[in-house]
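Here's the structure we're looking at; comments come further down.
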Amino acid sequence: MSLHVEVTGQGEPLVMLHGWGMHGGIWAETAARLADDFEVHVVDLPGHGFSGQREEARRKGQTAEPRLPFTLDSIVTGLAAQFPGPVNLLGWSLGGIIAQHWAACEPQQIRRLVLVASTPCFAAREDWPCGMPQQTLEQFAAELGDNHAATLRRFLALQVRGSEGERELLGLLRERLFSRGEPDPGALRGGLDILRTADLRGELPRIAQPTLVLAGGRDKLTPPQASHRLAQLMPRARVVEIEGAAHAPFLSHAEFFVEQVRDFLKNN
Numbered sequence: 275m276s277l278h279v280e281v282t283g284q285g286e287p288l289v290m291l292h293g294w295g296m297h298g299g300i301w302a303e304t305a306a307r308l309a310d311d312f313e314v315h316v317v318d319l320p321g322h323g324f325s326g327q328r329e330e331a332r333r334k335g336q337t338a339e340p341r342l343p344f345t346l347d348s349i350v351t352g353l354a355a356q357f358p359g360p361v362n363l364l365g366w367s368l369g370g371i372i373a374q375h376w377a378a379c380e381p382q383q384i385r386r387l388v389l390v391a392s393t394p395c396f397a398a399r400e401d402w403p404c405g406m407p408q409q410t411l412e413q414f415a416a417e418l419g420d421n422h423a424a425t426l427r428r429f430l431a432l433q434v435r436g437s438e439g440e441r442e443l444l445g446l447l448r449e450r451l452f453s454r455g456e457p458d459p460g461a462l463r464g465g466l467d468i469l470r471t472a473d474l475r476g477e478l479p480r481i482a483q484p485t486l487v488l489a490g491g492r493d494k495l496t497p498p499q500a501s502h503r504l505a506q507l508m509p510r511a512r513v514v515e516i517e518g519a520a521h522a523p524f525l526s527h528a529e530f531f532v533e534q535v536r537d538f539l540k541n542n
């Protein structure tokens with residue numbers, strides 16, 4: 275698995291994982307601020323952004339097929355090989371699910387964990403009401419093959435709904451969505467399958483690393499209740515709920531977000 279990684283700054287390593295359908299470019303401002311204190315590694319997940327693309331294909335705006343299926347196990351295997359650790363790890367949304375699985379499977383590689391707008395179980399279940407309705411995710415899956423660009427844009431609108439500065443945030447996300455080319459359709463389907471089927475609640479008690487869970491108080495995709503339940507299932511986790519934020523608090527409340535991450539990583 276070939277991963278595109280951008281490295282800036284000096285200090286303890288901090289690996290940053292983006293959400294579904296996006297790429298590492300979403301972290302541009304956040305990574306620049308954190309690079310004052312950490313060696314920041316911004317990853318394009320397989321089939322997203324520049325990962326898995328040959329230079330020639332990239333210049334032509336084409337996307338290469340991912341070499342491995344886009345599954346939790348295959349992604350963690352690739353990340354673990356790329357970053358033998360130990361590293362600090364920050365994951366947003368789908369990236370947070372990947373981060374949880376990585377921390378549970380390879381605990382010696384992860385020093386500290388930051389989970390942003392994340393959940394162990396993205397889809398709602400009878401015993402997990404604080405998730406997205408299965409019907410909504412199934413509709414996304416059905417529409418993905420017809421027009422994946424329109425499906426991704428709809429997903430972006432859900433991410434910022436209710437947030438302070440909603441219109442500006444939506445414009446920023448739309449601007450960056452395809453700024454590194456379009457994601458591979460197979461990777462999109464694989465990522466959506468993870469969101470639909472993953473249930474990591476049984477793994478959480480094994481994640482003993484100090485963990486900061488950052489939740490948006492107005493998040494419609496991963497409501498703050500999911501973040502609080504997530505933290506309750508982990509031995510050393512605490513939650514900071516950001517009022518006025520939705521699913522992208524690192525954009526809507528950038529200064530407070532960076533302050534919380536920096537303070538946690540330096541003092542735990």
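Here the sequence shown stands for residues 275 to 542, numbered as in this note's numbering.
Think of the CB as a built atom: it goes at the ideal place given N, C-alpha and C, for glycine as much as any other residue.
> In the structure shown, what three-state DSSP assignment does residue 339 receive?
Replying inline: Reading the sequence shown from its first residue, position 65 is the one you call residue 339. A caution first: residue 339 carries a pLDDT of 46, below 50, which makes its placement in the model too unreliable to give a value.
>> Quick check on DSSP: helix, strand or coil for residue 468?
In response: On the sequence shown, residue 468 is found 194 positions in, with the first residue counted as 1. Three-state DSSP puts residue 468 in a helix.
> Taking the C-alpha atoms as reference points, what is the distance between residue 308 and residue 302?
Replying inline: Taking the sequence shown and counting its residues from 1, the one referred to as residue 308 is at position 34. Taking the sequence shown and counting its residues from 1, the one referred to as residue 302 is at position 28. Those two C-alpha atoms are separated by around 10 Å.
> Once you ignore the five residues that flank residue 310 on each side, which residues in its own chain have a CB closer than 8 Å to its CB?
Replying inline: Numbered from its first residue, the sequence shown carries residue 310 at position 36. Hits under 8 Å: 283.
> Between residue 527 and the rest of its own chain, which residues show a CB-CB distance below 6 Å, the 5 nearest in sequence each way excluded?
Replying inline: Start at 1 with the first residue of the sequence shown, and residue 527 comes out as number 253. Only 516, 519 meet the Cβ criterion.
> Which residues bound the alpha helix (DSSP H) around residue 400?
Replying inline: The residue you call residue 400 lines up with position 126 of the sequence shown. From DSSP, residue 400 is part of no alpha helix (DSSP H); its letter is neither H nor E.
>> Taking the alpha-carbon of residue 522 as reference, which of 475, 457, 436, 411 has the nearest alpha-carbon?
In response: Residue 522 sits at position 248 when you count from the first residue of the sequence shown. Answer by Cα proximity: 436.
>> Taking 7 Å as the limit between beta carbons, can you name the residues of its chain near residue 278, skipping five residues before and five after?
In response: For the purposes of this step, residue 278 is taken as residue 4 along the sequence shown, with counting starting at 1. 318, 323, 324, 325.
> CB-CB under 6 Å to residue 379, same chain, minus the five flanking residues each way: which ones, in chain order?
Replying inline: Position 105 of the sequence shown, counted from the start, is the residue given in the question as residue 379. The answer, listed in chain order, is 350.
> What do you reckon, is the C-beta of residue 500 under 7 Å from a heavy atom of the ligand COA?
Replying inline: Absent from the structure shown: the ligand COA. Ligands present: none.
> Name the DSSP beta bridge partners of residue 455, please?
Replying inline: Position 181 of the sequence shown, counting from 1, holds the residue named residue 455. Looking at the DSSP assignment, residue 455 forms a beta bridge with 453.
>> Measuring straight from C-alpha to C-alpha, what distance separates residue 399 and residue 502?
In response: Translated into the one-based positions of the sequence shown, residue 399 becomes position 125. Translated into the one-based positions of the sequence shown, residue 502 becomes position 228. Distance between the alpha carbons of residue 399 and residue 502 is about 17 Å.
>> For residue 348 and residue 291, I'd like the C-alpha separation in whole angstroms.
In response: Position 74 of the sequence shown holds residue 348. Position 17 of the sequence shown holds residue 291. Their backbone Cα atoms lie some 15 Å apart in a straight line.
> To the nearest angstrom, how far is it from the Cα of residue 494 to the Cα of residue 426?
Replying inline: Reading the sequence shown from its first residue, position 220 is the one you call residue 494. Reading the sequence shown from its first residue, position 152 is the one you call residue 426. Going from the Cα of residue 494 to the Cα of residue 426 covers about 16 Å.
>> DSSP three-state label for residue 386, please.
In response: As a first step, residue 386 must be located in the sequence shown, where it is residue number 112. Here residue 386 sits in strand by DSSP.
> Leaving out five residues before and five after residue 346 in sequence, what residues of the same chain have Cβ atoms less than 8 Å from its Cβ?
Replying inline: Along the sequence shown, read from residue 1 onward, the residue named residue 346 stands at position 72. For residue 346, where only same-chain residues beyond five positions count, the Cβ hits under 8 Å are 371, 372, 375, 468, 472.
> Got a sec? Which residues, its chain only, sit under 8 Å from residue 475 by beta carbon, not counting five neighbours each side?
Replying inline: Indexing the sequence shown from 1 puts residue 475 at position 201. Closer than 8 Å at the Cβ level, and outside the excluded window around residue 475, lie 394, 395, 402, 507.
> Which stretch, first to last residue, makes up the beta strand (DSSP E) that contains residue 312?
Replying inline: Residue 312 sits at position 38 when you count from the first residue of the sequence shown. That run of the beta strand (DSSP E) goes 312 to 318.
> When you compare only the Cα positions, how much space is there between residue 288 and residue 434?
Replying inline: The count along the sequence shown starts at 1 and reaches residue 288 at position 14. The count along the sequence shown starts at 1 and reaches residue 434 at position 160. For residue 288 and residue 434, the distance between alpha carbons rounds to 26 Å.
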